[in-house]
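S.K.: With positions in the sequence shown counted from 1, the corresponding number in our numbering is that position plus 93.
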Amino acid sequence: MVKHRESRPGQKSAGGLGAKPRRDISGKPPAKPAHASRPAKPSPRHGERVTEPRDAATASAAPERPLIARTGERPTERVPAILESLGAGDFHLIDSGNGLKLEQYGPYRIVRPEAQALWPPSLAAHVWDNADAIFTGDTDEDGMGRWRFPREALGETWPLQLLGVDFLGRFTAFRHVGVFPEQIVHWAWMKEQVEAAKRPLKVLNLFGYTGVASLVAAAAGAEVTHVDASKKAIGWARENQALGRMEKLPIRWICEDAMKFILREERRGNKYDIILTDPPKFGRGPNGEVWHLFEHLPLMLDICREILSPKALGLVLTAYSIRASFYSIHELMRETMRGAGGVVESGELVIREAGLDGRTPGRALSTSLFSRWVPK
Ligand SMILES: C[S@@+](CC[C@H](N)C(=O)[O-])C[C@H]1O[C@@H](n2cnc3c(N)ncnc32)[C@H](O)[C@@H]1O
């Protein structure tokens with residue numbers, strides 16, 4: 094594939110999505126930031142969302158390159174695409190309301206904050222009060238808090254299954270439970286692609302967290318590369334792999350800054366058939382590299398496009414808790430995929446309430462935005 098690395102007049106810099114203009118579009122690595130001699134900040138604990146860097150100049154620790162000037166038609170579009178799930182495996186959303194959601198994760202009913210649930214709950218208060226675990230604490234999405242177990246004290250982890258893959262649910266300090274089950278619609282799509290392919294597909298899972306998507310892909314027959322900055326999250330992903338006795342499956346677990354990793358893959362000419370990327374709003378690589386979605390997403394997608402194989406089957410982006418419309422990531426994806434043909438479909442991932450029995454459809458709860466390029 095021909096790469097156009099030179100800066101051209103009118104070429105967009107690697108900013109975008111309303112980001113401040115970049116300081117350097119020359120293609121040279123940015124000048125050493127003032128803080129470079131300071132010891133690197135420790136990488137975040139698993140699932141930890143770091144706070145926005147006070148000085149935006151700290152946001153460019155990884156070596157970068159300018160965006161490639163894309164020509165050709167933008168892929169056709171399918172919007173709005175609402176990918177909805179009524180739960181699967183051991184998970185369903187029971188009820189929501191009053192800024193909370195009541196979910197079933199295997200044997201446990203769990204109450205967690207949910208800012209999107211503006212309506213009143215459907216079920217009686219005693220059902221909510223009888224939950225097995227309730228997260229209390231910072232109402233901010235990224236805030237720390239603690240778990241309360243009204244019925245009996247529970248251990249930190251418990252076994253769960255989704256799409257035939259075993260993994261551990263986990264009460265973390267950041268309201269997360271070790272899995273983002275609304276992503277199951279993407280994972281089911283990916284599983285289908287992998288199973289239908291007549292060759293072992295290469296799947297790259299960026300910001301892979303506890304590895305559920307990586308395990309689903311590998312179990313379906315893919316060769317998987319899983320990248321996450323948190324040693325702890327990689328440890329949990331490996332625990333999940335061991336739990337399902339999937340140690341022999343071809344998964345490379347890589348603890349690295351996602352941007353650094355894909356830049357290196359691009360230099361080396363390594364390619365992937367499916368890329369999943371689920372970046373947080375802010376994050377840090379293991380050496381203090383700062384990830385800032387609004388600043389780095391255009392370049393991340395640009396590089397992802399370059400490392401898609403000629404027979405690629407998809408590039409899937411999910412974005413949580415950002416102040417943006419799905420059109421922001423939709424149009425960015427279409428610009429990035431100019432000349433590649435195919436379709437870009439974008440919208441929201443929603444979970445529908447399924448009641449106590451897991452089978453009674455109720456209201457739709459929006460969880461995140463997504464944009465997905467597929468070749469047809
Ligand atoms: C929102 S979670 C991803 C969820 C996962 N895809 C899933 O659906 O289960 C964000 C993950 O990004 C990781 N992360 C944050 N900053 C990173 C960086 N600069 N490079 C790589 N991973 C990073 C965190 O350690 C965390 O595991």
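Built from N, CA and C at the ideal position, the CB exists for glycine as well.
According to DSSP, is F419 helix, strand or coil?
M.R.: The residue given as residue 419 occupies position 326 in the sequence shown. Correct three-state label for F419: helix.
S.K.: Here's the rule I'm using: 16 or more other beta-carbon atoms within 10 Å means buried, otherwise exposed. How should K65 be labelled?
M.R.: With the chain covering 94 to 469 only, the question about residue 65 has no answer from this structure.
S.K.: If I follow the unbroken beta strand (DSSP E) through D259, where does it start and stop?
M.R.: Along the sequence shown, one-based indexing puts residue 259 at 166. It spans 258-263 - the beta strand (DSSP E) in which D259 sits, taken as one unbroken run.
S.K.: Which value, in whole angstroms, describes the spacing of the CA atoms of D259 and W221?
M.R.: On the sequence shown, position 166 is the one that residue 259 refers to. On the sequence shown, position 128 is the one that residue 221 refers to. So the two alpha carbons sit approximately 27 angstroms from each other.
S.K.: Answer yes or no: do A351 and L299 have a C-beta to C-beta separation smaller than 8 angstroms?
M.R.: The residue labelled residue 351 in the question sits at position 258 within the sequence shown. The residue labelled residue 299 in the question sits at position 206 within the sequence shown. Taking 8 angstroms as the Cβ cut-off, A351 and L299 qualify as a contacting pair.
S.K.: Quick one: Cα of A246 to Cα of A224, how far?
M.R.: Indexing the sequence shown from 1 puts residue 246 at position 153. Indexing the sequence shown from 1 puts residue 224 at position 131. About 12 angstroms.
S.K.: Would you list, in sequence order, the uninterrupted alpha helix (DSSP H) runs of no fewer than 4 residues that lie entirely inside the stretch 345-405?
M.R.: 351-361, 386-399
S.K.: Just the C-alpha distance for V296 and A310, rounded to the nearest angstrom, thanks.
M.R.: Indexing the sequence shown from 1 puts residue 296 at position 203. Indexing the sequence shown from 1 puts residue 310 at position 217. Spanning the two alpha carbons is a distance of roughly 7 angstroms.
S.K.: Take T169 and list the residues in its own chain whose beta-carbon comes closer than 6 angstroms to its own, dropping the five residues that flank it on each side.
M.R.: Position 76 of the sequence shown holds residue 169. Counting only Cβ-Cβ distances below 6 angstroms, and skipping sequence neighbours, we find V436.
S.K.: Taking the C-alpha atoms as reference points, what is the distance between G190 and P213?
M.R.: The sequence position of residue 190 within the sequence shown is 97, counting from 1. The sequence position of residue 213 within the sequence shown is 120, counting from 1. One C-alpha to the other measures close to 5 angstroms.
S.K.: Within 10 angstroms of its Cβ, does G140 collect 16 or more other Cβ (buried), or is it exposed?
M.R.: Here residue 140 refers to the residue found at position 47 when the sequence shown is read from its first residue. Reliability fails at G140, whose pLDDT of 39 lies under 50, so the model's placement of it is uncertain and the value that follows must be treated cautiously. Buried.
S.K.: Can you tell me whether L211 is buried or exposed, with buried defined as 16 or more other CB within 10 angstroms of its CB?
M.R.: In the sequence shown, the residue the question calls residue 211 occupies position 118. Within a 10 Å sphere around the beta-carbon of L211 sit fewer than 16 other beta-carbons, which makes this residue exposed.
S.K.: Please tell me whether, using a cut-off of 7 angstroms, the distance from the CB of W384 to the nearest non-hydrogen atom of ligand 3 is below it.
M.R.: Looking for ligand 3 in the displayed structure turns up nothing; the ligands present are ligand 1.
S.K.: Can we count D259 as close to ligand 1, meaning its CB is less than 7 angstroms from some heavy atom?
M.R.: Here residue 259 refers to the residue found at position 166 of the sequence shown. Answer for D259: no, Cβ out of range of ligand 1.
S.K.: Using alpha carbons as the reference points, say which of H185, A326, L336, T164 lies closest to A457.
M.R.: Within the sequence shown, residue 457 is the residue found at index 364, counting from 1. Measuring C-alpha to C-alpha distances from A457 to each of H185, A326, L336, T164 identifies H185 as the nearest.
S.K.: Can you list, in chain order, the residues of its chain with a C-beta nearer than 7 angstroms to that of R452? Leave out the 5 residues immediately preceding and following it.
M.R.: Position 359 of the sequence shown holds residue 452. Within the same chain, R452 has no close Cβ partners at all.
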